[in-house]
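Participant: Numbering (the numbering used here), first residue to last: 121 to 551.
C-beta: ideal position from N, C-alpha, C; glycine also.
Predicted, not measured: the structure shown is a model, and the values here were computed from it.
Here's a structure for you.
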Ligand SMILES: *Cc1c(COP(=O)(O)O)cnc(C)c1O
Ligand code: SF4
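Now the structure itself:
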């Protein structure tokens, strides 16, 4: 299958778009002017059920929905479009709206390391053992998720993290012997041609870094473009490259992103998974919990079961980030925990490799362990799965129960305590 991408300028060419009313198409244009919009022929033809598109999780996952913008912003953009306002003025107004949507959650710029006097744009190093690498050729995706916190990278130039040279990255890894894992991320690094993968991976192999154990690739390609591993012209080459890395003793983990079991059911994805596993690649899966897409225990249990059946290891359930269209997707922390627990209860132990629900916050990845009671006070029990300071990990702590909270910054220490245990060190680190 040949890749065909659809965005704001050509989505009306999608044959199935005839199912939409003029108003629905206009809504897509309005919201798609503010938030990035991209889909492709695989999603359109193999994932979306057009007979029921308004409720279809994959339609909602790719096509901007009216309610993803607040009413004022929506009306403002709708009026500008209807009046055919000149482009530069429209851009200015649209950027104002974007900047109100918390385009840079969890202080990602503070993860960019300074090395030999230079800021390494294209690297983030927040947790001791794992470094994120943003190859410049991998900063788009086969389709854009409407919930994505990386949206400013597609929509706003000033928020791009990207790096071209393998050299600087390798120097940095060599200088930091505690790094065992490199995560290639984006965007979606799997949009890169195999020749770019080769440049990076061969450079890493040649550097022969003894402490490098795992190369991870964070990707949604299995769900959005499984042909990347089957019929794309450089698919075989890519699999051979993975085999080669594996033979050198470095583990390759594909950190796959599956939001819904429907993404695991096509013939194409099954074939891709089989080929990857055949090449020695470990596939792990993660996804945020999203209202309107996957907010039920049954969906998650089915997702994990389907994954394990195919040889995929369930890894993380995330809480949707505080950015972009969060309100549309938000599930309260209390409900997130209940969904996690009810799904976890339905599956056997081999599915329970999954961790969550977890919030990727500035201090670290905070897991909602559950709701409990101490001294007659209802509390959330929380735990760091990752911390800016590794000593925070695995130490349960408490916050006042709040049935409406959807993110960590809304939580408060329990009565009698003025701060969370990590706060002093955290502020010291940021001073
Ligand atoms: C989640 C995350 C990682 C990976 O953490 P693991 O728990 O090892 O999967 C690395 N860096 C950042 C910034 C992250 O948010
Ligand atoms: S594929 Fe990943 S990076 Fe790309 S839009 Fe979706 S969640 Fe964001």
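Just checking residue 247 against ligand 2 - is the residue's beta carbon closer than 7 Å to any of the ligand's heavy atoms?
Facilitator: Relative to ligand 2, residue 247 has its C-beta separated by 7 Å or more from all heavy atoms.
Participant: Ligand 1 and residue 582: does the residue's C-beta get closer than 7 Å to at least one heavy atom of that ligand?
Facilitator: The question about residue 582 has no answer here: the residues shown for the chain are numbered 121 through 551.
Participant: Please report the straight-line C-alpha distance between residue 260 and residue 538, rounded to a whole angstrom.
Facilitator: 43 Å
Participant: Per DSSP, what kind of secondary structure is residue 301 in: helix, strand or coil?
Facilitator: If DSSP states are grouped into helix, strand and coil, residue 301 belongs with the strands.
Participant: Going by beta-carbon coordinates alone, are residue 264 and residue 379 separated by less than 8 Å?
Facilitator: With contacts defined by Cβ atoms closer than 8 Å, residue 264 and residue 379 do not form a contacting pair.
Participant: Within 7 Å: the Cβ of residue 258 and any heavy atom of ligand 2?
Facilitator: No, the Cβ of residue 258 stays beyond 7 Å of every heavy atom of ligand 2.
Participant: Who's in the neighbourhood of ligand 2, going by beta-carbon under 6 Å from any heavy atom, listed in chain order?
Facilitator: Cβ-based neighbours of ligand 2 within the cut-off: 261, 264, 265, 268, 270, 306, 307, 308, 340 and 377.
Participant: Give the DSSP bridge partners of residue 492, in chain order.
Facilitator: 499
Participant: What does DSSP give as the partner residue(s) for residue 479 in the beta ladder?
Facilitator: 486
Participant: Ordered along the chain, which non-local residues of its own chain (more than five positions away) have a Cβ less than 7 Å from that of residue 337?
Facilitator: 304, 309, 310, 374 and 375.
Participant: Report the partner residues of residue 436 according to the DSSP bridge assignment.
Facilitator: 406 and 475
Participant: Considering just the uninterrupted stretch of the beta strand (DSSP E) at residue 127, what are its terminal residues?
Facilitator: 125-127
Participant: Just to check, is the beta-carbon of residue 202 closer than 7 Å to a non-hydrogen atom of ligand 1?
Facilitator: no
Participant: Give me whichever residues DSSP pairs with residue 247 in a beta bridge.
Facilitator: 250
Participant: From residue 285 to residue 481, what distance separates their C-alpha atoms?
Facilitator: 29 Å
Participant: Could you check whether the Cβ of residue 446 sits closer than 7 Å to any heavy atom belonging to ligand 1?
Facilitator: no
Participant: In terms of residue numbering, what span does the beta strand (DSSP E) encompassing residue 518 cover?
Facilitator: 517-520
Participant: By the 10 Å Cβ neighbour count, where 16 or more other Cβ atoms means buried, how is residue 339 classified, buried or exposed?
Facilitator: buried
Participant: Between residue 455 and residue 483, how many whole angstroms is the CB-CB distance? I'm expecting something under 8 Å.
Facilitator: At roughly 23 Å, the Cβ-Cβ gap does not stay under 8 Å, so residue 455 and residue 483 are not in contact.
Participant: Enumerated in chain order, which unbroken segments of the alpha helix (DSSP H) with a length of 4 residues or greater are wholly contained in the segment 157-185?
Facilitator: 177-182
Participant: Does the Cβ of residue 494 have 16 or more other Cβ atoms within 10 Å, making it buried, or fewer, making it exposed?
Facilitator: exposed
Participant: Would you check whether ligand 1 has a heavy atom nearer than 7 Å to the C-beta of residue 160?
Facilitator: At a threshold of 7 Å, residue 160 does not count as near ligand 1, since its beta carbon sits no closer than that to any of the ligand's heavy atoms.
Participant: Helix, strand or coil, according to DSSP, for residue 523 in the structure here?
Facilitator: coil
Participant: Quick check on the DSSP output: what are the complete beta strand (DSSP E) runs of length 3 or more inside the segment 378-431, in order along the chain?
Facilitator: Entirely contained in the segment 378-431, the beta strand (DSSP E) runs reaching 3 residues are, in chain order, 402-409.
Participant: From the DSSP output, which residues share a beta bridge with residue 338?
Facilitator: 375
Participant: To the nearest angstrom, how far is it from the Cα of residue 85 to the Cα of residue 154?
Facilitator: Only positions 121 to 551 of the chain appear in this structure, which leaves residue 85 out of reach.
Participant: Alpha carbon to alpha carbon, what distance is there between residue 193 and residue 217?
Facilitator: Cα to Cα, the separation comes out at about 7 Å.
Participant: Tell me whether residue 139, by its Cβ, gets closer than 7 Å to a heavy atom of ligand 1.
Facilitator: Relative to ligand 1, even the nearest heavy atom lies 7 Å or more away from the CB of residue 139.
Participant: Sort out for me which residues DSSP pairs residue 239 with in a bridge.
Facilitator: 234.
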